[in-house]
Structure formats: structure tokens, C-alpha cells
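S.K.:
Residue numbers (the numbering used here): 679 to 802.
1. Measure the alpha-carbon distance for residue 797 versus residue 717 and round it to whole angstroms.
2. Which value, in whole angstroms, describes the spacing of the CA atoms of residue 721 and residue 693?
3. Distance check for residue 729 and residue 745, CA to CA, integer angstroms please.
4. Go ahead and label residue 698 buried or exposed: buried means 16 or more other beta carbons lie within 10 angstroms of its beta carbon, across all protein chains shown.
5. Let me check understanding here. Comparing Cα to Cα, which of 725, 772, 732, 753 lies closest to residue 689?
6. Short check: CB of residue 765 to CB of residue 756, under 8 Å?
7. Hey, residue 753 and residue 711: beta-carbon distance below 8 Å or not?
8. For residue 799, which three-state DSSP category applies?
9. So, under 8 Å CB-CB, residue 767 and residue 708 are touching, yes? Tell me the CB distance rounded to an integer number of Å.
10. If you follow the beta strand (DSSP E) that residue 684 is part of, which residue opens it and which one closes it?
Here it is, written out as C-alpha cells:
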């Protein structure tokens, strides 16, 4: 991968992660407020720089300023993940709760693995 392309991918990915973390509390992703607007999630070069290490990995250095976050909030809003709602995805979506109680996280995956292990051991 070229240095320019790798640096750009790290920039866009890091900007999306930053926006999700700071605007959506990691409970959603950032989307343009106006879908036709020419706004893109990029790190501000005045606040961040991307360095390539000797092993061709890219690392982001810097920190978002209050002005950077305000600019993001002006152009982007949150699309909350399932189970969250509100402008910053802080609130639990009570309409999205399980009736009669939710299974513990990972229980379906555990059940599938147990069934697969049992199926494999009996040689069907």
C-alpha cells in the first residue's frame, strides 16, 4: 500500500472513531447532518499528524481541540446503534428492550459452539 493511501485511510478511520467517541459516546456513528453536503470526516492537520513507522505502520499523533469537536458537531450528527437513542446516543432505547428478559450477552454464540462441538464429537 502506498504511503499516501495508507496515511489517508488512517486519517479517515481515526476521524470516524474520534467522532463516534466524542459526539456519540461510542454508542453510534457519525453521519452528515445534510446528506448532500460536501463534508467529510478528516482529522484537522493543525491538531493531528500521521507518522509512518519503520515497519510501515501509521500512527496518529495529536489531540482534538474544542474547535475541532465543535466543527464536527456542526456538520455531523449521530446515528445510534441498536439499543441507544438521543442526540449523543447516551440514552438507552427502552422500546428496544427484550420482553421477558434478554439472554446474557454471548449466550447464543456459546450455545452454537456447544452444539457444534457435540455434533462433531458424535460424528454425524
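Glycine residues also receive a C-beta, built at the ideal position from the N, C-alpha and C atoms.
Since the structure is predicted, the reported quantities are computational estimates derived from the model, not experimental observations.
M.R.: With the structure as the only source:
1. Residue placement at residue 797 cannot be trusted, given a pLDDT of 48 that sits under 50; what the coordinates show is reported in the next sentence. Cα to Cα, residue 797 sits roughly 52 Å from residue 717.
2. Cα to Cα, residue 721 sits roughly 5 Å from residue 693.
3. Spanning the two alpha carbons is a distance of roughly 23 Å.
4. buried
5. 725
6. yes
7. Taking 8 Å as the cut-off, the Cβ atoms of residue 753 and residue 711 count as close.
8. For residue 799, the predicted structure reports a pLDDT of 48, less than 50, and the residue's modelled location is therefore unreliable. The matter cannot be settled from this model.
9. The Cβ separation is near 10 Å, so there is no contact.
10. Taken as a continuous stretch (DSSP letters only), residue 684 belongs to no beta strand (DSSP E), being part of the alpha helix (DSSP H) at 681-702.
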